[in-house]
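Asks:
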Amino acid sequence: MKSSQEYVNDYISSKHNYDLLGIKIRNIIEENLNLINLKPHGLAYRVKTPESFKKKIKLKNYSDPLNELTDLLGIRIIAYVEDDVTTICNLTRSLFEIDEQRSVNKNEELGEDRVGYKSVHLICKLNNERASLPENEKYRQLAFEIQVRTILQHSWAEIEHDKNYKFSGVLPKEIKRRLMVLSGALELIDREFNQLSKEIDSYANKVKIDTEIGELDTPINSISLEEYLNVKFADLVTEINMEPHFNGADEQILRELKNYGIKTLKDLDNIIPEKFIASMINIYRGLYTNYLGALRDIMIINDIDKYYESSFHYNFTLTPQNFPLFKIFKVDLDRVPIDYISYEEDEDHI
Numbered sequence: 001m002k003s004s005q006e007y008v009n010d011y012i013s014s015k016h017n018y019d020l021l022g023i024k025i026r027n028i029i030e031e032n033l034n035l036i037n038l039k040p041h042g043l044a045y046r047v048k049t050p051e052s053f054k055k056k057i058k059l060k061n062y063s064d065p066l067n068e069l070t071d072l073l074g075i076r077i078i079a080y081v082e083d084d085v086t087t088i089c090n091l092t093r094s095l096f097e098i099d100e101q102r103s104v105n106k107n108e109e110l111g112e113d114r115v116g117y118k119s120v121h122l123i124c125k126l127n128n129e130r131a132s133l134p135e136n137e138k139y140r141q142l143a144f145e146i147q148v149r150t151i152l153q154h155s156w157a158e159i160e161h162d163k164n165y166k167f168s169g170v171l172p173k174e175i176k177r178r179l180m181v182l183s184g185a186l187e188l189i190d191r192e193f194n195q196l197s198k199e200i201d202s203y204a205n206k207v208k209i210d211t212e213i214g215e216l217d218t219p220i221n222s223i224s225l226e227e228y229l230n231v232k233f234a235d236l237v238t239e240i241n242m243e244p245h246f247n248g249a250d251e252q253i254l255r256e257l258k259n260y261g262i263k264t265l266k267d268l269d270n271i272i273p274e275k276f277i278a279s280m281i282n283i284y285r286g287l288y289t290n291y292l293g294a295l296r297d298i299m300i301i302n303d304i305d306k307y308y309e310s311s312f313h314y315n316f317t318l319t320p321q322n323f324p325l326f327k328i329f330k331v332d333l334d335r336v337p338i339d340y341i342s343y344e345e346d347e348d349h350i
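Right, here's the structure in full:
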């Protein structure tokens, strides 16, 4: 039987393959999460150091540690809510070969009457389809562990498992009890975040459907406005690659609309000129624009004096890129405050 140092030397020789596999697995997961429009809070991999490998094999008598240890390569995915954990785990099962016997769902292990560390640990290998590719042959027998948890579960794990932190080890009964109460509170918060996420998605979907059928009495907020514009400006996004966002100025544009007197989606819909979308397609093809700029253009076209008297916050300048659109709708640009209009071609449009 080999000595522990011989096993360590074997691991050092193969560690580079684990590093390469870690990059590959991370990229596969990231690409497939993008396909389903799911953005995790964190996605990272780590390969166990030779020192850590040596410590671990000394704790237990392994006959073949390189094949018996399944966490030499670990991938951690931190999701925002519990439903995302389920989605990510289902995706992982579709991408890799899972050793269900050695995989662990810490949520189920706790049972009905206990609280504490929660996470899903999936023991994986490349599936036959991926492993059969020539470039992946060297990874065929390498196992790796994928951990999936929410942000709150991750925070709790970091506190509970960090051996250098004061919450670890054997604690007095009363302190331990309070720690468990805190763990239970975090679990309830996690569930509430998950429920709120569902309700937001449901609300957004309702606004989308209402917009499609012309029901526009919905009050304007960041969710309803974005869903409305996703439907209303779908052709602009497709035809001229309009960026479907507010350039980080969500609260600002909501204030501008409110000060302009726009309270509902119907109020906004009523001031969009009949030929606005067709004109945008003709003029802005190949030029940068986004929801923020389009909404400001609409308010200026509808009533330029009202916009600059009530909504304008002295934070952008009209440039020649705007002029052709305003010309079509006969906007008198002399009404624009002199310091906030430029005739220089190299100025950026908001």
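Numbering (full-length UniProt numbering), first residue to last: 1 to 350. Yeah, the Cβ is synthetic: ideal placement off N, Cα and C, and Gly gets one too.
Within 10 angstroms of its Cβ, does asparagine 90 collect 16 or more other Cβ (buried), or is it exposed?
Replies: The residue you call residue 90 lines up with position 90 of the sequence shown. Under this definition asparagine 90 is an exposed residue.
Asks: Leucine 333: which of His121, Tyr307, Asn315, Ser311 sits nearest, CA to CA?
Replies: Sequence index remark: in the sequence shown, residue 333 carries index 333 (1-based). Looking at the Cα atoms, Tyr307 is the closest of the given residues.
Asks: By the 10 Å Cβ neighbour count, where 16 or more other Cβ atoms means buried, how is alanine 234 classified, buried or exposed?
Replies: Here the question's residue 234 lines up with position 234 in the sequence shown. Looking at its Cβ environment, which holds fewer than 16 other Cβ atoms inside 10 Å, alanine 234 is exposed.
Asks: Pick from Asn32, Leu171, Leu265, Gly184: whose alpha carbon is nearest that of serine 94?
Replies: Looking up residue 94 in the sequence shown gives position 94. When only C-alpha atoms are compared, the closest one is Asn32.
Asks: When the distance is taken between beta carbons, is asparagine 105 closer than 8 Å to valine 85?
Replies: As a working note, residue 85 is residue 85 in the sequence shown. As a working note, residue 105 is residue 105 in the sequence shown. The answer is no: Cβ separation not under 8 Å.
Asks: Would isoleucine 220 pass as a contact of isoleucine 262 if the rule is Cβ separation under 8 Å?
Replies: Translated into positions along the sequence shown, residue 220 becomes position 220. Translated into positions along the sequence shown, residue 262 becomes position 262. It is a contact, given that the beta carbons lie within the stated cut-off.
Asks: Measure the alpha-carbon distance for glutamate 192 versus phenylalanine 246 and round it to whole angstroms.
Replies: Looking up residue 192 in the sequence shown gives position 192. Looking up residue 246 in the sequence shown gives position 246. Approximately 28 Å between the Cα atoms of the pair.
Asks: Inspect the beta-carbon positions of leucine 126 and arginine 140 and report whether they are closer than 8 Å.
Replies: Your numbering for residue 126 matches position 126 in the sequence shown. Your numbering for residue 140 matches position 140 in the sequence shown. Yes, the Cβ-Cβ distance between leucine 126 and arginine 140 is below 8 Å.
Asks: Looking at the unbroken beta strand (DSSP E) that takes in arginine 46, where does it start and where does it end?
Replies: Residue mapping note: residue 46 aligns to position 46 of the sequence shown, counting from 1. It spans 42 to 47 - the beta strand (DSSP E) in which arginine 46 sits, taken as one unbroken run.
Asks: Assign valine 170 to buried or exposed, taking buried as 16 or more other Cβ atoms, counted over all protein chains shown, within 10 Å of its Cβ.
Replies: Against the sequence shown, residue 170 aligns to sequence position 170. By the 10 Å Cβ count, valine 170 comes out exposed.
Asks: Considering valine 148, what are the terminal residues of the alpha helix (DSSP H) in which it resides?
Replies: One-based indexing of the sequence shown puts residue 148 at position 148. It is not in any alpha helix (DSSP H) - valine 148 instead sits in the beta strand (DSSP E) that spans 144 to 150.
Asks: What residues in its chain sit with their C-beta under 7 Å from that of methionine 1, if we drop five residues either side in the sequence?
Replies: Residue 1 sits at position 1 when you count from the first residue of the sequence shown. So no residue of the chain qualifies.
Asks: Can you tell me whether serine 13 is buried or exposed, with buried defined as 16 or more other CB within 10 angstroms of its CB?
Replies: Taking the first residue of the sequence shown as position 1, residue 13 is located at position 13. When all chains shown are included, serine 13 counts as exposed.
Asks: Based on DSSP bridge pairs, tell me the residues matched to threonine 92.
Replies: Looking up residue 92 in the sequence shown gives position 92. Threonine 92 pairs with nothing; no bridge assigned.
Asks: Measuring straight from C-alpha to C-alpha, what distance separates proline 244 and asparagine 290?
Replies: Taking the sequence shown and counting its residues from 1, the one referred to as residue 244 is at position 244. Taking the sequence shown and counting its residues from 1, the one referred to as residue 290 is at position 290. Going from the Cα of proline 244 to the Cα of asparagine 290 covers about 6 Å.
Asks: With a 10 Å radius around its C-beta and 16 neighbouring C-beta atoms as the bar for buried, classify aspartate 297 as buried or exposed.
Replies: Mapped onto the sequence shown, residue 297 falls at position 297. Burial call: buried.
Asks: Flag this pair as touching only if the stretch 46 to 62 and the stretch 14 to 30 have three or more C-beta atom pairs under 8 Å; answer yes or no.
Replies: Yes: the two stretches touch, three or more of their Cβ pairs being nearer than 8 Å.
Asks: So which of Ile146, Asp217, Ser197 has the shortest CA-CA distance to isoleucine 25?
Replies: On the sequence shown, residue 25 is found 25 positions in, with the first residue counted as 1. Nearest C-alpha to isoleucine 25: Ile146.
Asks: Measuring CB to CB, does threonine 87 end up less than 8 Å from alanine 143?
Replies: Along the sequence shown, read from residue 1 onward, the residue named residue 87 stands at position 87. Along the sequence shown, read from residue 1 onward, the residue named residue 143 stands at position 143. It is not a contact, given that the beta carbons lie outside the stated cut-off.
Asks: Taking the Cβ atom as the reference point for each residue, do glutamate 227 and threonine 211 lie within a distance shorter than 8 Å?
Replies: Taking the sequence shown and counting its residues from 1, one reaches residue 227 at position 227. Taking the sequence shown and counting its residues from 1, one reaches residue 211 at position 211. Yes. Within cutoff.
Asks: How is glycine 74 classed by DSSP in three states: helix, strand or coil?
Replies: Taking the first residue of the sequence shown as position 1, residue 74 is located at position 74. Glycine 74: strand per DSSP, three-state reduction.
Asks: If you run the structure through DSSP and keep just helix, strand and coil, what is isoleucine 341?
Replies: Here residue 341 is taken as the residue at index 341 of the sequence shown, counted from 1. Three-state DSSP puts isoleucine 341 in a strand.
Asks: Note down, in chain order, each residue of its chain lying with its Cβ closer than 7 Å to the Cβ of tyrosine 260, except the 5 sequence neighbours on either side.
Replies: Counting from 1 along the sequence shown, the entry for residue 260 is found at position 260. If we look at tyrosine 260 and ignore the five residues flanking it on each side, its Cβ neighbours are Met299, Lys306, Tyr307, Ser310, Ser311.
Asks: Specify the secondary structure class of alanine 79 as computed by DSSP and reduced to three states.
Replies: What you label residue 79 is simply residue 79 of the sequence shown in a count that begins at 1. In this structure, alanine 79 counts as strand in the three-state DSSP scheme.
Asks: Judging by CA-CA distance, which residue of Gly42, Ser222, Leu72 is the nearest neighbour of lysine 56?
Replies: For this step, residue 56 is matched to residue 56 along the sequence shown. Residue Leu72 is the option with its Cα nearest to lysine 56.
Asks: Reducing DSSP to helix, strand and coil, say where leucine 38 ends up.
Replies: Translated into the one-based positions of the sequence shown, residue 38 becomes position 38. Correct three-state label for leucine 38: coil.
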